[in-house]
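Working notes for the structure below.
Residue numbers (my numbering): 1171 to 1712.
Put into structure tokens, the structure is as follows:
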């Protein structure tokens, strides 16, 4: 199973603090109110999509959902809850609609006046700086909120039309570049990455060192899994504007993905002091989760959800809560969170995928298969492709083996396309190929990724690739490193247990295989089955 990511977080605009302004007094992730923002020019309003690569997901609240586990195999019974998830979504949507109606009355007029004021001020500011010749419209004139709606393609089309009329709008080009990044990640259109690069370069050509485009380059580098470059661009953006929310978040993401967890924790605290809000809260939570502090991660994500007002934010944060609940084996709670996400955006891919995963873990495999078939028909990304292939394998019906192989071949096709568009796909290759492809290729990819960055996920991928290639003694130190931070992930525990068994450490193997199944008994339809088999063999040999 691929590591969790922040991919799919929505675009939106957040007003930046300017000279003589004070940051809004909102609660921070740590529970403290921020102080006054220093009177430095913070630049035009910043917009931010989610960044990161493979492991940047934030986990969230864990409830205690009953799994209906059977004594014989540990698999869960069918619950007969066909349509239950749709009922959850409908119920949440009714409640949310009432809240949105109230909020729209309260904030609609203010938002409209603010938009007009920002646009007029931006045009005037651009004309003065460029000698009053051709106005150069700053970013506020084209709101990144255009990309926050349910139809990202419509927002991008609006920006393209605007830029045909105002080709010198450096902020518009930066926003368009970020829209392309979002489209590539959430819709699987990897050809958008080169287009994003061109748009961001154009923004920088019009206004060198503008913090929006630099932050956009950080987001693009992170989406391509080039985290050293992402960190460098984020630092450059923050030199121009220390309060650029996107750059603050990208810096956290890059440090996490480089395995520099202490620095990531410090960066999260800094971001929380400067720009508390949903984007920072989710990163703050994930940094704590990586260190085994699920309680804080859940609390902060609950706070982020309470602060969310747009459908994009609600879908994103609720999905993170669903992932955290699923990771703790709380499948009912996970399904409730996914229902809330889908009530906000019924087409939100990570929530659809997460719901299918929770359904599979709850024993509702046919529903899970149908859900994942719908997902991969639109967005054939590695995670859902592998999950669907494994569900076909587990079902074992006529033609299912061929169907599974077809899904795994599509992962290879995606990897080739990703590399053609500048994406470093080595971790994706290692994770998929180790179980369902070329084992030697998996090891080459895992070693290459480990040389670039040293995270719990790359340590796990290298350990597992070494294991499937028969190099268990070499694998063991990496498997131990993958679990050293206290990060509670059943896949990592399962891999360590299998490798310990292979290297003649039966007691440690029993401990970690048991821990994996106690934490999340449905962590993988095939992996959980293999973990139970290995554990029974170990118990019989005592």
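Glycine residues also receive a C-beta, built at the ideal position from the N, C-alpha and C atoms.
- Taking C-beta atoms as the reference points, residue 1488 and residue 1507 count as a pair closer than 9 Å.
- DSSP, read as helix, strand or coil, puts residue 1339 in coil.
- With a threshold of 16 other beta carbon atoms within 10 Å, residue 1330 falls short and is exposed.
- Under the DSSP assignment, residue 1456 falls in the alpha helix (DSSP H) whose first and last residues are 1448-1460.
- Excluding the 5 residues flanking it on each side, residue 1428 has same chain C-beta neighbours closer than 6 Å at 1397 and 1623, in chain order.
- Sequence-distant Cβ neighbours of residue 1505 in its own chain, meaning closer than 7 Å and more than five residues away, are 1255, 1258, 1525 and 1528.
- The three-state secondary structure of residue 1518, taken from DSSP, is coil.
- Between the alpha carbons of residue 1447 and residue 1418 lies a distance of about 12 Å.
- Residue 1399 has its alpha-carbon roughly 36 Å from the corresponding atom of residue 1575.
- Closest option to residue 1462, judged by alpha-carbon separation, among 1497, 1409, 1323 and 1511: 1497.
- Between the C-alpha atoms of residue 1357 and residue 1666 there is a straight-line separation of about 34 Å.
- Put simply, of 1423, 1605 and 1659 the residue whose alpha carbon is nearest the alpha carbon of residue 1449 is 1423.
- Between residue 1412 and residue 1444, the C-beta gap is smaller than 9 Å, which places the two residues in contact.
- Contact between the region 1603-1622 and the region 1630-1639 is present, with at least three C-beta pairs closer than 8 Å.
- If you check the CB distance, residue 1683 and residue 1664 come in under 9 Å.
- The DSSP assignment places 1397-1410, 1415-1427 and 1431-1444 as complete runs of the alpha helix (DSSP H) inside the region 1383-1450, in order along the chain (cut-off: 4 residues).
- Taking each of 1561, 1387, 1541 and 1414 in turn and checking the Cα distance to residue 1402, the smallest one comes out for 1387.
- Residue 1359 and residue 1338 have their C-alpha atoms spaced approximately 27 Å apart.
- Between residue 1441 and residue 1454, the C-beta gap is smaller than 9 Å, which places the two residues in contact.
- By the 16-neighbour rule on beta-carbons within 10 angstroms, residue 1416 is buried.
- Nearest in C-alpha terms to residue 1322, of all of 1492, 1391, 1490 and 1517, is 1517.
- For residue 1199, same chain residues with a beta-carbon under 6 Å away, outside a window of 5 residues either side, are 1442, 1451, 1454 and 1470 in chain order.
- Contiguous alpha helix (DSSP H) elements confined to the region 1634-1687 occur at 1642-1652 and 1660-1672, taking only those with 4 or more residues.
- Taking every protein chain shown into account, the CB of residue 1432 has fewer than 16 other CB atoms within 10 angstroms, so this residue is exposed.
- Here residue 1593 carries a coil assignment [DSSP, helix/strand/coil].
- Note on geometry: alpha-carbon atoms of residue 1404 and residue 1599 lie some 27 Å from one another.
- Excluding residues up to 5 positions away in sequence, 1530, 1560, 1561 and 1564 lie with their Cβ nearer than 7 Å to the Cβ of residue 1695 in the same chain.
- Per DSSP, residue 1621 is one residue of the alpha helix (DSSP H) stretching across 1609-1622.
- Nearest C-alpha to residue 1484 among 1513, 1466 and 1649: 1513.
- The C-beta of residue 1540 has fewer than 16 other C-beta atoms within 10 Å across all chains shown, which makes the residue exposed.
- The criterion of a C-beta distance shorter than 9 Å is not satisfied by residue 1511 and residue 1499.
- The residues 1466 and 1467, in chain order, have a CB closer than 6 Å to that of residue 1458 in the same chain once the five nearest residues on each side in sequence are set aside.
- Excluding the 5 residues flanking it on each side, residue 1705 has same chain C-beta neighbours closer than 6 Å at 1683, in chain order.
- Within the same chain, and ignoring the five residues on either side of residue 1587 in sequence, the residues whose Cβ sits closer than 7 Å to its Cβ are 1360.
- According to the DSSP assignment, residue 1547 belongs to the alpha helix (DSSP H) that extends over 1535-1548.
- For residue 1465, the enclosing alpha helix (DSSP H) covers residues 1464-1477.
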